[in-house]
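A.B. asks: Let me give you the structure first, and then I'll get to my questions.
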Amino acid sequence: GSPAEYAILIDKGKVTFKTAPGSEFNSKNSSISILLPVTAMNGTSEADPDIFERGSFIGDIDALLADRKNAVALRAIGKVSVLCLYKKDLRNFFSNNPGVLLSMLHTRYIL
Numbered sequence: 104g105s106p107a108e109y110a111i112l113i114d115k116g117k118v119t120f121k122t123a124p125g126s127e128f129n130s131k132n133s134s135i136s137i138l139l140p141v142t143a144m145n146g147t148s149e150a151d152p153d154i155f156e157r158g159s160f161i162g163d164i165d166a167l168l169a170d171r172k173n174a175v176a177l178r179a180i181g182k183v184s185v186l187c188l189y190k191k192d193l194r195n196f197f198s199n200n201p202g203v204l205l206s207m208l209h210t211r212y213i214l
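So the sequence shown is numbered by the working numbering: it starts at 104 and just counts up by one.
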């Protein structure tokens with residue numbers, strides 16, 4: 104996977120975890136303009152929700168803070184609009200809001 108560079112907040116549409124972790128994602132075949140790879144916490148997808156919708160936050164906080172790579176990708180279901188929250192901005196936000204950081208450690212998504 105590629106290094107964790109950002110998290111996303113879904114504005115419109117739906118996304119799901121891509122079923123084949125580590126496989127290449129071709130953004131030309133999708134209507135999503137941003138791909139966020141994330142690492143599965145337990146190595147399986149059975150515990151993950153099937154679909155993420157408006158208001159869902161998706162980002163591997165631990166990978167973003169530790170400059171780790173991610174292994175699982177997201178796939179758009181139709182047209183999707185997202186807010187991209189870059190690592191630098193998240194780190195700055197967390198440094199000013201340590202309570203939020205503590206509540207989000209070991210988090211990959213919030214529904």
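Don't be surprised by glycine CBs; every beta carbon is placed ideally from N, CA and C. What you are looking at is a predicted structure, and each value in this text was computed from that prediction instead of being measured.
Could you give the distance in angstroms between the alpha-carbon of P152 and the alpha-carbon of D163?
C.D. replies: Each residue's Cα considered, the two are about 15 Å apart.
A.B. asks: For the alpha helix (DSSP H) containing D192, list its first residue and its last residue.
C.D. replies: Counting along the chain, the alpha helix (DSSP H) containing D192 begins and ends at K190 to N199.
A.B. asks: If you draw a straight line from the C-alpha of S184 to the C-alpha of P106, how long is it?
C.D. replies: Straight-line Cα distance between these residues: approximately 22 Å.
A.B. asks: Does DSSP put P124 in a helix, a strand or coil?
C.D. replies: Confidence at P124 is low in this model, with a pLDDT of 43, below 50, so the placement of that residue should be treated as unreliable; the coordinate-derived value is given next. In the structure shown, P124 sits in coil (DSSP, three-state: anything other than H, G, I, E or B).
A.B. asks: Once the 5 residues before and after K115 are set aside, which same chain residues still bring their CB inside 8 Å of it?
C.D. replies: Closer than 8 Å at the Cβ level, and outside the excluded window around K115, lie R157, K182, V183 and S184.
A.B. asks: Can you tell me the Cβ-Cβ gap for F155 and T119, rounded? I've got them flagged as a contact below 8 Å.
C.D. replies: The pair is a contact, with the Cβ atoms about 7 Å apart (cut-off 8 Å).
A.B. asks: Please go through the same chain and pick out, in chain order, the residues whose beta-carbon is closer than 6 Å to the beta-carbon of L214, but skip the five residues on each side of it.
C.D. replies: Correct list, in chain order: S159.
A.B. asks: Out of K121, D192 and D170, point me to the one whose CA is closest to L177's CA.
C.D. replies: When only C-alpha atoms are compared, the closest one is K121.
A.B. asks: Assuming L168 and A110 are in contact, meaning their beta carbons sit under 8 Å apart, how far apart are those beta carbons, in whole angstroms?
C.D. replies: Contact flag wrong, Cβ pair sits at about 11 Å.
A.B. asks: Kindly identify the DSSP beta-bridge partner or partners of K172.
C.D. replies: Answer is P106.
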